[in-house]
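Going letter by letter, the sequence shown gives residues 4 to 283 in the numbering used here. Worksheet for the structure shown next.
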Amino acid sequence: MGAYWGLTTLDLLGKLDALDSNEVIQWIMKCQHESGGFAGNIGHDPHLLYTLSAVQVLALFDKLNVLDADKVANYISGLQNEDGSFSGDEWGEVDSRFSYLAICCLSILHRLDKMNVEKAVNYIASCKNVDGGFGCTPGGESHAGQIFCCVGALAITGSLHHVDKDLLGWWLCERQVKSGGLNGRPEKLPDVCYSWWVLSSLIMIDRVHWINKDKLVKFILNCQDTENGGISDRPEDAVDVFHTYFGVAGLSLLEYPGLKAIDPAHALPVDVVNRIFFQK
Numbered sequence: 004m005g006a007y008w009g010l011t012t013l014d015l016l017g018k019l020d021a022l023d024s025n026e027v028i029q030w031i032m033k034c035q036h037e038s039g040g041f042a043g044n045i046g047h048d049p050h051l052l053y054t055l056s057a058v059q060v061l062a063l064f065d066k067l068n069v070l071d072a073d074k075v076a077n078y079i080s081g082l083q084n085e086d087g088s089f090s091g092d093e094w095g096e097v098d099s100r101f102s103y104l105a106i107c108c109l110s111i112l113h114r115l116d117k118m119n120v121e122k123a124v125n126y127i128a129s130c131k132n133v134d135g136g137f138g139c140t141p142g143g144e145s146h147a148g149q150i151f152c153c154v155g156a157l158a159i160t161g162s163l164h165h166v167d168k169d170l171l172g173w174w175l176c177e178r179q180v181k182s183g184g185l186n187g188r189p190e191k192l193p194d195v196c197y198s199w200w201v202l203s204s205l206i207m208i209d210r211v212h213w214i215n216k217d218k219l220v221k222f223i224l225n226c227q228d229t230e231n232g233g234i235s236d237r238p239e240d241a242v243d244v245f246h247t248y249f250g251v252a253g254l255s256l257l258e259y260p261g262l263k264a265i266d267p268a269h270a271l272p273v274d275v276v277n278r279i280f281f282q283k
């Protein structure tokens with residue numbers, strides 16, 4: 004994950020060539036497990052989360068050809084459960100986030116046919132709540148992170164008709180607080196990371212004009228460490244790669260000058276997504 008956050012940030016800034024791509028790719032391939040999945044580091048257990056991150060980073064460098072796509076796809080499809088949900092790994096935890104990871108990864112690999120898309124979509128739809136949001140499992144509390152995962156998965160599979168766009172749009176725009184920042188659920192503090200999860204969801208359902216974009220830009224910029232670089236969760240806090248990525252990605256969605264455009268569903272630069280799906 005850390006590699007994905009850092010490298011995607013560099014690419015959005017037009018600085019991906021600051022690192023040795025061969026070194027990064029060699030390390031990523033050493034993280035692949037015999038099952039086809041990827042681990043967070045060499046010798047660790049594979050998980051859907053790290054598998055998507057590995058595939059996304061290889062896509063950044065235009066090196067998806069080093070993968071045995073069918074082997075990776077078989078690992079992912081093997082984690083789908085009878086009800087359409089996905090487990091994150093062999094130990095079986097189920098979460099709607101894992102549905103997104105699987106769908107996004109198989110989409111990038113052109114292998115969505117390896118899974119039961121209809122069952123997966125129906126499971127995600129079952130996680131929808133009366134407030135328009137989505138939870139981690141059916142009946143779970145609506146949360147902006149889960150909403151991004153569910154809306155992203157539905158967008159990739161052409162299934163956004165399952166979303167009540169006005170109701171969800173209202174819930175999402177209610178996440179903006181006085182400072183201009185966004186929180187993940189009611190009565191919580193704003194956090195830069197929700198600049199991505201809330202904004203991307205609003206864009207996918209065509210309701211991004213319902214928030215004050217200028218105030219959000221100001222909030223993100225106020226979270227910068229102007230001396231050392233990087234972005235924090237809130238102004239004056241310590242910066243980290245996680246919040247730096249989500250801050251820059253949020254600014255990209257807001258069409259901030261000097262940044263490459265990012266795709267709200269696949270969470271990759273638009274030029275990378277175009278290369279994956281439209282390059283012959």
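The beta-carbon is built from N, C-alpha and C at its ideal position, and this holds for glycine as well. Predicted, not measured: the structure shown is a model, and the values here were computed from it.
Nearest neighbour of residue i, chosen from the options [CA to CA]
i: Cys108; options: Asp71, Gln59, Cys226; result: Gln59
i: Met4; options: Asn25, Gly250, Pro189, His50; result: His50
i: Arg114; options: Asp228, Leu19, Lys74; result: Lys74
Residue i and residue j closer than 8 Å at C-beta
i: Ile279; j: Ser204; result: no
i: Tyr7; j: Cys34; result: no
i: Ile31; j: Leu61; result: yes
i: Leu63; j: Leu104; result: no
i: Asp86; j: Tyr126; result: yes
i: Asp209; j: Lys181; result: no
i: Gly39; j: Asn77; result: yes
i: Ala268; j: Ile159; result: yes
i: Ala147; j: Val97; result: no
i: Gly184; j: Leu224; result: no
i: Leu15; j: Pro272; result: yes
i: Gly250; j: Ser198; result: yes
i: Gly135; j: Leu171; result: yes
Cα-Cα separation, residue i to residue j
i: Lys196; j: Cys152; result: Here the sequence assigns Cys to residue 196, which means Lys is not the residue at that position. Cα-Cα distance, rounded: 14 Å.
i: Gly155; j: Val166; result: 11 Å
i: Asn231; j: His212; result: 33 Å
i: Leu70; j: Glu121; result: 27 Å
i: Asp243; j: Phe222; result: 16 Å
i: Pro189; j: Arg178; result: 7 Å
i: Leu19; j: Asn25; result: 12 Å
i: Thr12; j: Ser80; result: 29 Å
Distance cut-off 7 Å: residue i Cβ against heavy atoms of the ligand SAH
i: Ala105; result: In the structure shown, the ligand SAH is absent, as is every other ligand, since no ligand is present at all.
Residue burial classification, residue i (beta-carbon count within 10 angstroms, cutoff 16)
i: Val276; result: buried
i: Trp94; result: exposed
i: His47; result: exposed
Unbroken alpha helix (DSSP H) runs of length 4 or more, entirely within the stretch 47 to 123: which are they?
-> Taken in chain order, the unbroken stretches of alpha helix (DSSP H) that lie wholly in the stretch 47 to 123 and span 4 residues or more are 51 to 63, 72 to 80, 99 to 111.
Which ranges would you report for the alpha helix (DSSP H) in the stretch 131 to 159 if only whole runs of at least 4 residues count?
-> Here the runs fully enclosed are 147 to 159.
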